[in-house]
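**Student:** One structure follows; several queries about it will come next.
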Amino acid sequence: MPATRLYPLFADLSRRAVLVVGGGVVAERKVAALLGAQAQVTVNAPALSPQLQRWAAAGRIAHRAEPFREEWLERVWLVVAATSDGELNRLIATLGELRRIFVNVVDDAVLSTFHVPAVVDRAPLTIAISSGGTAPMLARLLRERLEAALDPSLGALATLAARLRRRIRLRHPQPAPRRRFYEELFAGPVAALLRQGRPDEARRAAEQALAAPSPAPAGSVVLVGAGPGDPGLLTLRGLRALNEADVILHDRLVSAEVLALARRDAERIEVGKQAGNHHTTQDGIHALLLEHARAGRRVVRLKGGDPFVFGRGGEELEFLRAHGIPYEVVPGITAALACAAYAGVPLTHRDHAQSVRFVTLHCHDSLDTLDWRALAQEQQTLAIYMGVAGLERLQARLIAHGRAPATPFALVENGSLPRQRVVTGTLAQLAARAALHAVRSPALLIVGEVAALADSLAWFGAAPLGGAVHRAPVERVPVTAKVPAAARLTETFTGAGA
1 MPATRLYPLF ADLSRRAVLV VGGGVVAERK VAALLGAQAQ VTVNAPALSP
51 QLQRWAAAGR IAHRAEPFRE EWLERVWLVV AATSDGELNR LIATLGELRR
101 IFVNVVDDAV LSTFHVPAVV DRAPLTIAIS SGGTAPMLAR LLRERLEAAL
151 DPSLGALATL AARLRRRIRL RHPQPAPRRR FYEELFAGPV AALLRQGRPD
201 EARRAAEQAL AAPSPAPAGS VVLVGAGPGD PGLLTLRGLR ALNEADVILH
251 DRLVSAEVLA LARRDAERIE VGKQAGNHHT TQDGIHALLL EHARAGRRVV
301 RLKGGDPFVF GRGGEELEFL RAHGIPYEVV PGITAALACA AYAGVPLTHR
351 DHAQSVRFVT LHCHDSLDTL DWRALAQEQQ TLAIYMGVAG LERLQARLIA
401 HGRAPATPFA LVENGSLPRQ RVVTGTLAQL AARAALHAVR SPALLIVGEV
451 AALADSLAWF GAAPLGGAVH RAPVERVPVT AKVPAAARLT ETFTGAGA
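Take 1 as the starting number for the sequence shown in the UniProt record's numbering and just add one per residue.
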């Protein structure tokens, strides 16, 4: 997600001079907003709209009818160019740049050094929406939606909070209890009374809450499935947990886009593990969960995918239960479901697969403990997690135990993210094709007839990487042996490039 080049801010223009060049209805809209901000507005135009004339007659704005003069810029803080004269607009923008004065040229994002956002006003609460001049109609549409969604009482709630702010800080000097008080103030009975138009009762309820004894902080842990990476696939309950967290312990594979949705002041601790680099052990993660929960903090244990699908979530809950720590679980969209969907691969299909198996090759002994004969059966789909490092052996075992070499596969790298890649082919080509395209973790492997549909049903990102794999000719050696011996020979030959 590209970062905006614009820095959002709110400017205090009260009693500060602003020049608006132009006297039509567009300039009128700009002047109306500036007057609302109590700016001292001068309008330069040979003629004024009827409303601008009334404001000038009432003394609310100053009017200069003569042609624009450069020296008028010497004492102003902002300039708005709202004329139909392109040359004049460019001149004003250039002169403003030379004097370090911010200039808004209406309907010209390139010349503008500041942009006027669409505003949702719940004074003193203000929400500004800007497209940086690229799509003002979209910003206005979003404003309309927010206007409908945000209750008019929010302004009164913000005013009440401002009046109580100093007392709240004295009553709750520590950040965590203070934040919880505010959350209850903004989402509890006080806010409800204001929505009902009962401000006096709301004020009394806030006073009572402020005088009530503070309960001892109770820590807790929420296991949250972050999904595969696309922040749009995070659940609403997961988003709420991230916004309530004091501490977030997150896996390495949780995307930056998902982490960006969390509360800004929440402490973030990466506890990810990866092959060959277990810089945080599971015992270390348990210790961190216990430490922060016992300190009264709300902890989110944020895991990629779903916490109960190869995420060791069960172990962490057993640990928390043994130590008396309250917990809850927010499921997430596991990688198999997301990667398959984003690659256009239905995991089940009436004609091709009546069952799905989720398999992990992360453990060192996975290859020896899995039931390969069952995994090699037809009419099923295999969704294989953490298997990139063992593709050659996986390929050999499946073929040796009866899975057809022509069985399709789809290998999905960085599933659901903009950099997603999908590599397709047949089981006999699996290791070679993955090496050809330099596939790296995180990647999910789908094996089964349904994987062939990726080539026709893909809808997200680049087209699947298919095509022939060119290999040097190899000598064919007939093997006649029982299955265990054949499996070992097949694994050896496949590892050598056969």
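All residues carry an ideal CB built from backbone N, CA and C; glycine is no exception.
1. Kindly indicate which three-state DSSP category Ala118 falls into: helix, strand or coil?
2. Is the beta carbon of Leu427 sitting closer than 8 Å to the one on Val447?
3. Please return the same chain residues whose Cβ sits closer than 6 Å to the Cβ of Gly313, not counting the five positions on each side in sequence.
4. Using only the alpha-carbon positions, how far apart do Val106 and Leu48 sit?
5. Val21 bridges to which residues according to DSSP?
6. Would a C-beta distance cut-off of 8 Å place Gln354 and Gln380 closer than the cut-off?
7. Throw me the rounded Cβ distance for the Val299 and Leu242 pair, which I believe falls under 8 Å.
8. Are the C-beta atoms of Phe181 and some chain D residue less than 8 Å apart?
9. Taking the alpha helix (DSSP H) that Val190 falls in, what are its first and last residues?
10. Please state whether the Cβ-Cβ distance between Leu150 and Arg122 is less than 8 Å.
11. Taking Ala62 as part of the beta strand (DSSP E), name the residues at either end of that continuous run.
12. For Leu236, does the three-state DSSP call read helix, strand or coil?
13. On the three-state DSSP scale, how would you describe Gly155?
14. Hey, how far is the Cα of Glu71 from the Cα of Arg145?
15. Closer than 6 Å by C-beta to Leu302: which residues in its own chain qualify, once you throw out the five before and the five after it? Chain order, please.
16. Helix, strand or coil for Pro67 per DSSP?
17. In whole angstroms, what is the alpha-carbon distance linking residue 501 and Glu28?
18. For Leu391 and Tyr385, I'd like the C-alpha separation in whole angstroms.
19. Return the CA-CA distance between Arg143 and Ser131, expressed in angstroms with no decimal places.
20. Would you list the residues sitting across from Pro408 in a DSSP beta bridge?
21. On the CB-based measure, 16 or more other CB atoms within 10 Å of its CB, does Gln174 come out buried or exposed?
22. DSSP three-state label for Gln420, please.
23. What did DSSP end up calling Ala256 once you bin it into helix, strand or coil?
24. Whole-angstrom Cβ separation of Leu289 and Glu316, contact assumed at under 8 Å?
25. Can you pull the DSSP bridge partners for Gly229?
26. Looking at the structure shown, is Gly461 part of a helix, part of a strand, or coil, going by DSSP?
27. I think Leu88 touches Arg60, with their Cβ atoms under 8 Å apart; what is that distance to the nearest whole Å?
28. How is the beta strand (DSSP E) around Arg203 delimited, first residue to last?
29. For the alpha helix (DSSP H) that Leu249 lies in, which residues bound it at each end?
30. Going straight from the alpha carbon of Ala463 to that of Asp455, what length do you get?
31. Contact check, Val21 vs Val41 under 8 Å by CB: the rounded distance?
32. With distances taken between CB atoms, is the gap from Trp372 to Arg397 smaller than 8 Å?
**Tutor:** Taking the definition as stated:
1. Reduced to three states, the DSSP call for Ala118 is strand.
2. Yes; because the gap between Cβ atoms is below 8 Å, this pair is in contact.
3. Cβ neighbours of Gly313 beyond the five flanking positions: Leu223, Pro307.
4. Per the coordinates, the alpha-carbon of Val106 lies some 17 Å from the alpha-carbon of Leu48.
5. Here Val21 is bridged, per DSSP, to Asn44, Ala81.
6. The answer is yes: Cβ separation under 8 Å.
7. Going by Cβ atoms, the distance from Val299 to Leu242 rounds to 12 Å, so no, they are not a contact pair.
8. As a matter of chain content, chain D is missing from the structure shown, which is built from one protein chain.
9. Taken as a continuous stretch (DSSP letters only), the alpha helix (DSSP H) holding Val190 covers 189-195.
10. Judged by beta-carbon spacing, Arg122 lies within the 8 Å limit of Leu150, meaning their Cβ atoms are closer than that value.
11. In this chain, the beta strand (DSSP E) harbouring Ala62 covers 61-64.
12. Under the three-state reduction of DSSP output, Leu236 falls in the helix class.
13. Helix.
14. Within the model, the alpha-carbon separation for Glu71 versus Arg145 is close to 43 Å.
15. Excluding positions up to five away in sequence, the list reads Val224, Ala226, Ile248, His250, Val254.
16. Looking at Pro67 - three-state DSSP - the assignment turns out to be coil, as it is neither helix nor strand.
17. Lying before the first or after the last residue shown, residue 501 is absent from the chain, which here runs from 1 to 498.
18. Cα-Cα distance, rounded: 11 Å.
19. Those two C-alpha atoms are separated by around 12 Å.
20. The partner list for Pro408 (beta bridge, DSSP) reads Thr426.
21. By the Cβ neighbour-count rule, Gln174 is exposed, with fewer than 16 other Cβ atoms within 10 Å of its own.
22. For Gln420, the secondary structure class from DSSP, reduced to helix, strand or coil, is coil.
23. Assigned with DSSP and collapsed to three states, Ala256 falls in helix.
24. Between Leu289 and Glu316 a beta carbon distance of about 7 Å is seen, short of the 8 Å cut, so the two are scored as contacting.
25. Bridge partners of Gly229: none, in fact.
26. In the structure shown, Gly461 sits in coil (DSSP, three-state: anything other than H, G, I, E or B).
27. Here Leu88 is actually not in contact with Arg60; their C-beta atoms are around 25 Å apart, not less than 8 Å.
28. Premise fails: Arg203 lies in the alpha helix (DSSP H), 199-211, not in any beta strand (DSSP E).
29. For Leu249, no alpha helix (DSSP H) encloses it; the enclosing beta strand (DSSP E) starts and ends at 247-250.
30. Ala463 and Asp455: Cα-Cα distance of roughly 8 Å.
31. Between the beta-carbon of Val21 and that of Val41 there is about 11 Å, and that puts the pair past the 8 Å contact cut.
32. Result yes, Cβ atoms of Trp372 and Arg397 sit closer than 8 Å.
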